[in-house]
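Numbered by the working numbering, the letters in the sequence shown go through residues 464 to 779 in order. For every residue, glycine included, the Cβ atom is placed at its ideal position computed from N, Cα and C. Keep in mind that this is a model prediction, so the values were computed, not measured. Here the structure is laid out as structure tokens; the discussion comes afterwards.
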Amino acid sequence: IARARRKCATDVLSQRGRTCSRIEAMFLHRLCHRMLILSLAMTSANAVWETRRPQHHTLKSSTEANDVLCQRNWVFIISTGRAGSTSAMNMMNAVPGMAMYGENPRGYLKELLELAPTHSSYDETFNPFRHGPIDLQNVHRGIQEFILDMYGHDKTVPSHYVGCKQLVPRVPLDDLEKVFPCAKVVLNYRKNITAQSMSGFWNENESSAEHLKEMTTRLLDFHKNSKLDTHLLPLEDFSVDSFRNLMNFLGINCNFDSVIHDNKNGTYTGQHDVHVNLQKFVQADPSNVPAAVLKFEGVVKSLIASACGEPTMAAS
Numbered sequence: 464i465a466r467a468r469r470k471c472a473t474d475v476l477s478q479r480g481r482t483c484s485r486i487e488a489m490f491l492h493r494l495c496h497r498m499l500i501l502s503l504a505m506t507s508a509n510a511v512w513e514t515r516r517p518q519h520h521t522l523k524s525s526t527e528a529n530d531v532l533c534q535r536n537w538v539f540i541i542s543t544g545r546a547g548s549t550s551a552m553n554m555m556n557a558v559p560g561m562a563m564y565g566e567n568p569r570g571y572l573k574e575l576l577e578l579a580p581t582h583s584s585y586d587e588t589f590n591p592f593r594h595g596p597i598d599l600q601n602v603h604r605g606i607q608e609f610i611l612d613m614y615g616h617d618k619t620v621p622s623h624y625v626g627c628k629q630l631v632p633r634v635p636l637d638d639l640e641k642v643f644p645c646a647k648v649v650l651n652y653r654k655n656i657t658a659q660s661m662s663g664f665w666n667e668n669e670s671s672a673e674h675l676k677e678m679t680t681r682l683l684d685f686h687k688n689s690k691l692d693t694h695l696l697p698l699e700d701f702s703v704d705s706f707r708n709l710m711n712f713l714g715i716n717c718n719f720d721s722v723i724h725d726n727k728n729g730t731y732t733g734q735h736d737v738h739v740n741l742q743k744f745v746q747a748d749p750s751n752v753p754a755a756v757l758k759f760e761g762v763v764k765s766l767i768a769s770a771c772g773e774p775t776m777a778a779s
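Below, the structure is given as structure tokens:
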């Protein structure tokens, strides 16, 4: 550092074309010393950022996963809307060990990724926005935990898969793998865009068909180009077999007896066509109404949910 500092001062003086006083030389030495220390600190910080930056090993591209960002098994349903995403979410929640959450209108994930730093820069080091070395891995891990907290996820209850469903415009597709390098992504859309454009809220927008076509293209391109593991789930293919294939995609051996149909006929209420008579259960044992109610709830749950038992995880 001492040699470099003297050379720095000499270079400055040579540019000025004259010698300087002892006080000026001391000032230049100190200034150059600070500049060199700062330069070394920046080099060290950049090395730290590079070594700690997620390597983006994904389940599709590599068997090695990032230890910090892959501690949870994440799964996302990304949908164009009015394509059966709520039904798909509830079908997945019917499987023990799955914790899937619904949409949020603000799009937490997109906002967080837009706020989170992505790299270091000269300006951030010298201008009023300066900060210390950022561990991007810790930032991304914090985003994961914040998402779960915003959904009210009980972290004390073991869940083999956690995740949520969200509409395409509220998901930063290009940045998803940075925060969730090992996530599984279910891409939900409709093949019949004309019918979709006349369903629910889409029917209120004259340009909905064009917008839906654009979003569907984005999903299909994402499926083709993303490093993440993706699975196509068009509404027209909904069936017991297609959801069994979805479970296989997640590494779960499970069979369904029926498919849930939520938000039926453009509504936003669960309509599962379940007909169970509570009165019959009470009449069967009038002396023990609480037990009858519990039995009734059990039957309803079994009808609404899937018929598969505890999932058997496929060998990884």
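Where residue i and residue j are concerned, what is the direct C-alpha to C-alpha distance, given to the nearest angstrom?
{"i": "residue 544", "j": "residue 641", "result": "25 Å"}
{"i": "residue 698", "j": "residue 579", "result": "34 Å"}
{"i": "residue 677", "j": "residue 660", "result": "12 Å"}
{"i": "residue 720", "j": "residue 663", "result": "28 Å"}
{"i": "residue 713", "j": "residue 592", "result": "43 Å"}
{"i": "residue 705", "j": "residue 596", "result": "47 Å"}
{"i": "residue 565", "j": "residue 615", "result": "12 Å"}
{"i": "residue 754", "j": "residue 617", "result": "28 Å"}
{"i": "residue 613", "j": "residue 604", "result": "14 Å"}
{"i": "residue 611", "j": "residue 529", "result": "19 Å"}
{"i": "residue 718", "j": "residue 594", "result": "52 Å"}
{"i": "residue 673", "j": "residue 535", "result": "37 Å"}
{"i": "residue 658", "j": "residue 569", "result": "27 Å"}
{"i": "residue 577", "j": "residue 590", "result": "21 Å"}
{"i": "residue 681", "j": "residue 619", "result": "36 Å"}
Between the Cα of residue i and the Cα atoms of the options, which residue gives the shortest distance?
{"i": "residue 683", "options": "554, 542, 535", "result": "542"}
{"i": "residue 601", "options": "706, 533, 679, 711", "result": "533"}
{"i": "residue 540", "options": "649, 529, 571, 703", "result": "649"}
{"i": "residue 701", "options": "754, 654, 658", "result": "654"}
{"i": "residue 689", "options": "718, 637, 658, 707", "result": "637"}
{"i": "residue 679", "options": "718, 546, 530", "result": "546"}
{"i": "residue 549", "options": "567, 598, 658", "result": "567"}
{"i": "residue 598", "options": "611, 717, 531", "result": "531"}
Taking 8 Å as the cut-off, decide whether the C-beta atoms of residue i and residue j are in contact.
{"i": "residue 562", "j": "residue 651", "result": "no"}
{"i": "residue 639", "j": "residue 575", "result": "no"}
{"i": "residue 694", "j": "residue 709", "result": "yes"}
{"i": "residue 558", "j": "residue 715", "result": "yes"}
{"i": "residue 621", "j": "residue 573", "result": "no"}
{"i": "residue 723", "j": "residue 555", "result": "no"}
So is the beta-carbon of residue i under 7 Å away from any non-hydrogen atom of the ligand GDP?
{"i": "residue 715", "result": "The ligand GDP is not among the ligands present in this structure, which contains no ligands whatsoever."}
Within the same chain, show all residues whose beta-carbon is closer than 8 Å to that of residue i, passing over the 5 residues directly before and after it, in chain order.
{"i": "residue 537", "result": "607, 624, 625, 626, 643, 645, 646, 647"}
{"i": "residue 686", "result": "650, 693, 695"}
{"i": "residue 510", "result": "Caution applies to residue 510, whose pLDDT of 36 falls short of 50 and renders its modelled position unreliable; the value that the coordinates give is listed next. Within the same chain, residue 510 has no close Cβ partners at all."}
{"i": "residue 707", "result": "717, 718, 719"}
Beta-carbon of residue i versus every beta-carbon of chain D: anything under 8 Å?
{"i": "residue 706", "result": "Given the protein chain composition of this structure (a single chain), no chain D is represented."}
Spatial neighbours of residue i within its chain, please: C-beta separation below 7 Å, excluding the five flanking residues on both sides.
{"i": "residue 560", "result": "622, 623, 624, 774"}
{"i": "residue 571", "result": "610, 613"}
{"i": "residue 751", "result": "none"}
Tell me which same chain residues have a C-beta within less than 6 Å of the C-beta of residue i, skipping the five on either side of it?
{"i": "residue 703", "result": "719"}
Problem - the segment 626-646 contacting the segment 661-670, beta-carbon criterion three pairs below 8 Å - result: Pairwise C-beta distances place the segment 626-646 out of contact with the segment 661-670, as fewer than three of them are shorter than 8 Å.
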